[in-house]
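S.K.: Numbering (my numbering), first residue to last: 9 to 335.
Yeah, the Cβ is synthetic: ideal placement off N, Cα and C, and Gly gets one too.
After the structure tokens below, expect a handful of questions from me.
Below, the structure written as structure tokens:
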């Protein structure tokens, strides 16, 4: 998936808005033609989550989906995902506060300079606001999102930076990594075809036939792969089991170490896979990748612990929120 406006989406994780801005694009919950009053969607440790803030997370999945109708099960899944992300945001902020981390005057000064540059880049404030609305964002919600991102960056540095508690040395990694928890794969990738075209699938079918005839996997990767990270590196993708897209991970697990796959199709695209053995040599030659995975595991555990300590309350009409009722 690709965002429609890359420059602004980079801004989404780097900038914040001035607080004295007019509110735009207010969220509305409409059921059976009647507006439902919802002054808050959830309370997390007493902090009210507004309908505008919740909407951004709830509707985010649909930004890149042309589907016009959603089942009750899909809406329930969207509600669960939105709630989880909001709870984890609050857990992250609690972790930052516990470590004495906060937004400084210097942060705010940099934010104000950057936001003005972004408005100019977008061609003016009107276009800037229009782009926010494309992502179901009001200015106040956008501001909160970006403040949280700054805190996350500071927390990550405190935990995993050079002086961080979990910046594991080579010796520490060798002692803590359980190789059985990991998978490694080299792959040839092309995206799914647009409707009416079979160009990518035809190319991958051709590569599959050449692989079956004994041609070298890496040479085929150089010729056919459209993933720049993979073809610009001699390293495999290394990841913890249970952290990749299910269809992709299952396809890797179906292979023996060293085995190559036939054509695999997922919602993300077409793949030919080469499962790489996960052993001590791989660990020693890819310390940074394993360190990142171990840090990801640590952060997940810390976040889940902090989230479990939060008190969460839902509005009585929470289950009325759906793709066709929330706008």
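Going by beta-carbon coordinates alone, are residue 274 and residue 256 separated by less than 7 Å?
M.R.: Residue 274 is a Cβ neighbour of residue 256, given a cutoff of 7 Å.
S.K.: Can residue 278 and residue 209 be called in contact, C-beta distance under 7 Å?
M.R.: yes
S.K.: In the DSSP assignment, what residue or residues form a beta bridge with residue 192?
M.R.: 246
S.K.: Apply the 10 Å Cβ neighbour rule to residue 302 and answer buried if 16 or more other Cβ atoms are within range, or exposed otherwise.
M.R.: buried
S.K.: Ignore the nearest five residues each way along the sequence and tell me which others in residue 295's own chain have a CB closer than 8 Å to its CB.
M.R.: 178 and 181
S.K.: Between the C-alpha atoms of residue 146 and residue 137, what's the straight-line distance to the nearest angstrom?
M.R.: 8 Å
S.K.: Restricting to Cα atoms, I'd like to know which of 134, 85 and 292 is closest to residue 33.
M.R.: 134
S.K.: Could you check what DSSP says for residue 145 in three-state terms: helix, strand or coil?
M.R.: coil
S.K.: DSSP on residue 173, reduced to helix/strand/coil?
M.R.: coil
S.K.: Quick one: what does DSSP say residue 2 is sitting in, helix, strand or coil?
M.R.: What is shown of the chain runs 9 to 335, which leaves residue 2 out entirely.
S.K.: DSSP beta-bridge partners for residue 124?
M.R.: DSSP lists no partner for residue 124.
S.K.: Report the three-state DSSP secondary structure of residue 207 (helix, strand or coil).
M.R.: helix
S.K.: Count the other C-beta atoms from every protein chain shown that fall within 10 angstroms of the C-beta of residue 8, then say buried if there are 16 or more, exposed otherwise.
M.R.: Any question about residue 8 goes unanswered here, given that the chain covers just 9 to 335.
S.K.: So the candidates are 207, 166 and 214; which of them puts its Cα closest to the Cα of residue 307?
M.R.: 166
S.K.: Can you list, in chain order, the residues of its chain with a C-beta nearer than 7 Å to that of residue 160? Leave out the 5 residues immediately preceding and following it.
M.R.: Excluding five sequence positions before and after residue 160, the CB atoms of its chain that fall closer than 7 Å to its own CB belong to 100, given in chain order.
S.K.: Can you tell me where the beta strand (DSSP E) with residue 322 in it begins and where it stops?
M.R.: 320 to 322
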